[in-house]
Amino acid sequence: MTNRSFYIRKIIHVIWGSGVLFLLYALPRHTVWLLGVWAAGMTIADVLRFSWHSWQRLFYRLFDALLKPRERRQFPTGATLLVYTAFLLAALFPQSVAICAMSILTFGDALAAVVGKIMPVWRFPNGKSLMGSVAFFLVALGIYSHYFNLLMGRAVLAALVVTIIEAGTPAIA
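Numbers given in this note's numbering equal positions in the sequence shown, counted from 1, plus 604.
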């Protein structure tokens, strides 16, 4: 993936995530199923690219430059995972928790990737970087302290926990 494609992918990640955040905020609680339908549609589109030749050509013509090498060979794409995550958050947690978690995923993940690419200081075995994790932590801290109006100690602890989890997971999307 070229640098240009990487940055376009991150911009799309933020736009896509912001759209999902808008839906989580604007839709009444009983319409969570719409996110489930969206996730199912994305799954169908994602799976069909491996079995329907015409769709595969169109899919790769539109999105190939934005896909990671793993996404070209395997299901699912990061975009599909993002929508599934939003659906599960909305279905399983109160709206405030779902919005907070999705905000951290949308903005923290994108900023961590960009900072990690610009300042690749000390890479973890999974390819993520210390500076990317610091960026993720700062975004999470800001969101927790603003959204839940947490005391600083609790916000730091919550941000630290999600940062450790994020830093320790494989870079899949």
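All C-beta atoms, glycine included, are put in the ideal place defined by N, C-alpha and C.
In this text, all values refer to a predicted model and were calculated from it rather than measured experimentally.
Less than 8 Å divides the Cβ of Q699 from the Cβ of R633.
Taking 8 Å as the upper bound for CB-CB distance, V743 and F697 are not in contact here, some 19 Å apart. S733 is bridged by DSSP to R727. Taking a 10 Å sphere around the C-beta of T773, we find fewer than 16 other C-beta atoms and assign the residue as exposed.
Residue nearest to Y748 within the set A716, L764, I648, M723 is L764 (criterion: CA-CA distance). Rounded to the nearest whole angstrom, the CA to CA distance from K732 to R665 is 29 Å. By the Cβ rule, the stretch 682-696 counts as touching the stretch 640-648, because three or more pairs are nearer than 8 Å. In its own chain, leaving out the 5 sequence neighbours on each side, no residue places its CB closer than 6 Å to the CB of F667.
In this structure, A694 and L628 form a Cβ contact; the two beta carbons are roughly 6 Å apart against a cut-off of 8 Å. As the crow flies, the alpha-carbon of R608 is around 31 Å from that of L692.
When C-alpha distances from Y688 are compared across W637, F741, R674, the shortest belongs to W637. For L652, the closest of N753, F663, W726 by C-alpha to C-alpha distance is F663. Sequence-distant Cβ neighbours of G621 in its own chain, meaning closer than 6 Å and more than five residues away, are T710.
Shown here, Q678 sits in coil according to DSSP, grouped into three states, outside any helix or strand.
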